[in-house]
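**Q** Residue 199 is where the sequence shown starts when you use this note's numbering, and the numbers rise one by one after that. C-beta: ideal position from N, C-alpha, C; glycine also.
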Amino acid sequence: MILTSFLALSSCKTDAQKLKISAIYTEPKKVTREIPGTDSTHTFTTRTEVTERLAPMIFMLSKNSEILKFRIQGNISSNGHSIHQIRKIRFEKGEQNGNYMTLRYYVEIKKKPGKESANVVGYNYTKDETYKIPDDVKLIKIELYEDRINEISNTNPKLIAEPIFNFFAKI
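#1: With a threshold of 8 Å, are at least 3 pairs of Cβ atoms found where one atom belongs to the stretch 319-337 and the other to the stretch 270-279?
#2: Going residue by residue through the stretch 250-321, where are the continuous beta strand (DSSP E) segments of at least 3 residues, counting only ones entirely within it?
#3: Tell whether a beta-carbon distance below 7 Å holds between Tyr343 and Tyr304.
#4: With a cut-off of 8 Å on the beta carbons, I'd call Glu341 and Glu360 a contact; round off their distance for me.
#5: Roughly how many whole angstroms lie between the Cα atoms of Ile307 and Lys336?
#6: Could you say which of Lys267, Ser263 and Ser220 lies nearest to Pro332 if we only look at CA atoms?
#7: Answer with buried or exposed for Arg288, where buried requires no fewer than 16 other C-beta atoms within 10 angstroms of its C-beta.
#8: Could you name the residues that DSSP lists as bridge partners for Asn364?
#9: For Arg302 and Glu290, which I take to be in contact (beta-carbon distance under 8 Å), what is that distance rounded to the nearest angstrom?
#10: By the 10 Å Cβ neighbour count, where 16 or more other Cβ atoms means buried, how is Ile265 classified, buried or exposed?
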């Protein structure tokens, strides 16, 4: 009986995709600069990013008359004496006006005390989403917000991307 229930659970397929998070790394770089007017040079260390930052955006992976598949991507900064972590990407279905619909996604960023590694300056995130399109909808606007959930000074989520997908044209 246990084996049967395990097989039944393993055959279930979910549409939810996992949130993928990767660190944005830097490496030290020695720079020598000549000080004007003194004929002396000064050597100091700077840090350069070796991992590409993903631009905040939402782009379509595929669409048909019933299903829209798209990717949410972006980055957050995290360095110094406070660590910023992405907790999850929360979905809120927006309003529908006639053949126009708005979907809202919130990247929940949690601030926690601690020290980030000197080599880490932030995190990239990606998540693939699938949405079943209602029959009467022809335009879908997807809004992506950054929501810093435990910062008192910043209570309003910040809009970072808002593409509009058109389903008037036949595929």
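**A** Taking the coordinates as given:
#1: A contact exists between the stretch 319-337 and the stretch 270-279.
#2: As far as the stretch 250-321 is concerned, its whole beta strand (DSSP E) runs of at least 3 residues are 255-261, 265-275, 280-295 and 298-311.
#3: Yes, Cβ-Cβ distance for Tyr343 and Tyr304 is below 7 Å.
#4: Contact annotation, Glu341 with Glu360: C-beta distance approximately 5 Å; criterion of less than 8 Å satisfied.
#5: For Ile307 and Lys336, the distance between alpha carbons rounds to 32 Å.
#6: Answer by Cα proximity: Ser263.
#7: The residue in question, Arg288, is exposed, as its Cβ has fewer than 16 Cβ neighbours within 10 Å.
#8: Asn364 is bridged by DSSP to Leu337.
#9: Arg302 to Glu290, Cβ: 4 Å. Contact.
#10: Its Cβ having fewer than 16 others within 10 Å, Ile265 is exposed.
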